[in-house]
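First residue of the sequence shown: 84, per this note's numbering; consecutive thereafter.
Where a beta carbon is used, it is the ideal one built from N, C-alpha and C, also for glycine.
First comes the structure, then the notes that go with it.
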Amino acid sequence: MTATNRRRVLLAQPRGYCAGVDRAVVTVEKALEQYGAPIYVRKQIVHNTHVVSTLEKRGAIFVEETDEVPEGAIVVFSAHGVSPKVHEEASERRLKTIDATCPLVTKVHKEAKRFAAEDRDIILIGHTGHEEVEGTSGEAPEHIQIVESPDQVDQVKVRNPDNVSWLSQTTLSVDETNQTVDALRNRFPNLLDPPSDDICYATSNRQDAVKAMAPECELVIVVGSDNSSNSVRLVEVALEAGANASHLIDNASLMDEAWLEGVTTVGVTSGASVPDILVRDLLDRLAEYGFDDVEGVRTAEERLTFSLPKELRKDLRAESA
């Protein structure tokens with residue numbers, strides 16, 4: 084095989100776990116160690132079937148709503164955040180709550196409360212029904228309306244066109260969000276931006292890495308679950324950046340060998356809620372088909388970490404005292 088048609092893998096760096104996901108998963112693990120099973124978790128702690136299944140085997144019980152949690156039990160709120168109404172429901176049931184909301188999502192919640200206190204109309208760019216969007220909009224439901232794309236901007240109704248601000252879900256496509264903001268600004272020239280970017284660093288970094296490698300790839304495989312917004316976005320970004328094909332798979336067993344026909348360069352990345360063992364399994368599978376030459380494509384360094392939720396830290400400190 085000549086150098087020009089050698090089979091290779093371009094491996095995106097960074098990829099996989101972000102600081103918020105790592106914090107949330109470790110929160111459930113530490114809670115199980117500290118308090119013993121079962122620990123209840125409202126919604127999926129992060130959007131990844133492997134992570135959820137692994138934690139279930141250790142004694143975590145995932146529920147949709149707080150009324151499924153026995154009174155007085157421990158419940159962990161997922162990384163996507165919850166509305167004030169959910170906190171109230173938990174309090175009414177005397178639940179011990181551990182809030183694993185990603186601090187970057189909490190930042191958006193605080194922005195929503197501040198804009199609402201200024202009596203602004205708030206346009207929240209995001210996906211209707213997504214847990215993060217439900218949590219953020221729940222901070223000021225009378226002020227917030229959701230817009231999913233530039234096409235919906237014309238439908239927005241506000242009280243005062245000069246008193247409008249926008250926020251966004253943290254896991255969106257950077258480029259598409261910018262297009263929606265541009266459309267909003269065309270309608271509302273005095274549109275107020277959030278004080279800092281809402282789309283999280285990890286989402287942006289993973290999209291940038293895919294943009295860097297996709298032009299060289301006939302195929303990009305994204306490891307992630309189909310309910311993971313940021314994973315789904317990576318497939319779209321890969322195609323927009325020049326990959327001939329891109330697919331989202333939960334694990335290596337779902338890779339279709341037909342995808343590799345005529346392919347010499349495969350790009351591999353993973354969503355922000357994906358443990359790297361799943362990527363390693365995919366690399367092993369690709370190696371079976373001759374794709375054993377792996378080159379990293381690094382576009383950023385990530386060193387951010389978040390401390391565990393204060394409720395858990397307090398009990399861990401008391402235990403070690």
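Item	Value
Same chain, Cβ closer than 7 Å to Asn-273, neighbours up to 5 away in sequence not counted	Asp-245
Inside the stretch 181-223 only - beta strand (DSSP E) runs reaching at least 3 residues	204-208
Cβ-based neighbour list, Ala-183, same chain, cut-off 8 Å, excluding 5 preceding and 5 following	Arg-106, Ala-107, Thr-110, Val-111, Ile-128, Val-159, Phe-160, Ser-161, Ala-162 and Pro-392
Three-way DSSP call (helix, strand, coil) for Val-158 in this model	strand
Reduced DSSP secondary structure (H/G/I, E/B, other) of Ile-282	coil
C-alpha distance - Ala-324 paired with Ser-336, whole-angstrom precision	26 Å
Coarse secondary structure for Asn-163, derived from DSSP in three states	One detail in the question is off: residue 163 reads as His in this sequence, not Asn. If DSSP states are grouped into helix, strand and coil, His-163 belongs with coil.
Beta-ladder partner(s) of Gln-117, from DSSP	In DSSP, Gln-117 forms no bridge with anything.
Arg-98 and Ala-341 closer than 8 Å at C-beta	no
Pairwise C-alpha distance: Lys-113 and Asp-398	10 Å
Validate contact between the stretch 320-334 and the stretch 294-306 using beta carbons, cut 8 Å, 3 pairs	yes
Cα-Cα separation between Val-427 and Asn-243, rounded to whole angstroms	The structure shown has nothing for residue 427, since the chain only spans 84 to 404.
Any non-hydrogen atom of the ligand ZN closer than 7 Å to Arg-363 Cβ	Of the ligands one can find in the structure shown there are none, so the ligand ZN has no counterpart to examine.
In DSSP terms, what Leu-331 is bridged to	Val-305
Secondary structure of Thr-348, DSSP reduced to three states	strand
Beta-carbon separation (whole angstroms), Glu-194 vs Pro-277, contact threshold 8 Å	5 Å
CB-CB length for Ser-312 against Thr-260, believed under 8 Å	Actually they do not touch by this definition, with Cβ atoms about 12 Å apart.
Nearest-angstrom beta carbon gap, Ala-321 and Thr-382 [assumed within contact, 8 Å]	Going by Cβ atoms, the distance from Thr-382 to Ala-321 rounds to 14 Å, so no, they are not a contact pair.
Element boundaries [alpha helix (DSSP H), containing Val-239]	Element bounds for Val-239: n/a, residue is neither H nor E.
Cβ contact check for the stretch 162-176 and the stretch 135-143: 3 or more pairs under 8 Å	no
Chain-order list of residues whose beta-carbon lies under 8 Å from that of Asp-202 (same chain, five-residue window excluded)	His-226 and Asn-246
Range covered by the alpha helix (DSSP H) that runs through Glu-394	393-403
Nearest to Arg-270 (by Cα), restricted to the options His-213, Ile-206 and Ala-199	Ile-206
Proximity of Asp-364 and Asn-334 at Cβ, strictly below 8 Å	yes
C-beta contact flag for Leu-275 and Asp-309 at 8 Å	no
Three-state secondary structure (DSSP) of Gln-228	strand
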